[in-house]
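Numbering (this note's numbering), first residue to last: 5 to 161.
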């Protein structure tokens with residue numbers, strides 16, 4: 005599909021392009037923030053997930069990143085070697101492990117998320133309460149639709 009086809013296939017080409025550009029800007033932000041700290045974009049995603057959602061199992065992290073469990077294990081190994089995460093036994097299932105954020109990992113991701121949040125929130129300052137609610141609903145709808153597979157079925161959670 006050529007860029008021109010996007011405009012002819014969609015009734016809101018500027019909207020679609022703006023969302024695409026937003027996604028790319030977020031990916032670049034994550035890559036730059038990680039690179040400054042010696043972290044891959046996937047590492048930043050893992051640290052932010054652990055910070056925002058709490059401990060997760062390696063298989064949950066693999067599913068989040070859409071990578072194999074072996075690749076997730078290697079990623080966790082690297083983060084553990086940096087002192088950013090630790091593995092702990094699962095409290096209810098002795099066969100499983102949980103990956104937890106350390107103080108070091110928490111400090112790293114707090115800096116990244118703080119910068120990200122400040123930039124996003126500053127962007128919404130002029131919207132007013134109703135505009136922010138509408139923007140939030142739109143972002144949630146796009147996230148839901150992007151989480152669907154190509155057949156239009158919901159992605160596994």
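We put the CB at the ideal spot given by N, CA and C, even for glycine.
Close beta carbons around residue i, own chain, < 7 Å, minus the five adjacent residues each side
| i | result |
| --- | --- |
| residue 139 | 128, 131 |
| residue 77 | 62 |
C-beta contact flag for residue i and residue j at 8 Å
| i | j | result |
| --- | --- | --- |
| residue 61 | residue 47 | no |
| residue 183 | residue 75 | Residue 183 is absent from the structure shown; the chain starts at 5 and stops at 161. |
| residue 45 | residue 29 | no |
| residue 94 | residue 102 | yes |
| residue 79 | residue 124 | no |
| residue 117 | residue 52 | yes |
Supposed contact pair residue j and residue i - C-beta distance, whole angstroms, cut 8 Å
| i | j | result |
| --- | --- | --- |
| residue 110 | residue 33 | 19 Å between Cβ atoms; not a contact. |
| residue 89 | residue 104 | 6 Å |
Residue range of the alpha helix (DSSP H) that includes residue i
| i | result |
| --- | --- |
| residue 78 | 73-85 |
| residue 59 | Neither: residue 59 is in no alpha helix (DSSP H) and is coded neither H nor E. |
| residue 95 | Looking at the DSSP string, residue 95 is not in any alpha helix (DSSP H), and its letter there is neither H nor E. |
| residue 140 | 132-150 |
Unbroken beta strand (DSSP E) run spanning residue i, endpoints
| i | result |
| --- | --- |
| residue 3 | Residue 3 lies beyond the residue range present for the chain, which begins at 5 and ends at 161; the question has no answer from this structure. |
Residues that residue i bridges to, as DSSP identifies them
| i | result |
| --- | --- |
| residue 103 | 60, 91 |
Same chain, Cβ closer than 8 Å to residue i, neighbours up to 5 away in sequence not counted
| i | result |
| --- | --- |
| residue 158 | With a pLDDT of only 47 at residue 158, under the threshold of 50, the placement of this residue in the model should not be trusted, and no figure is reported. |
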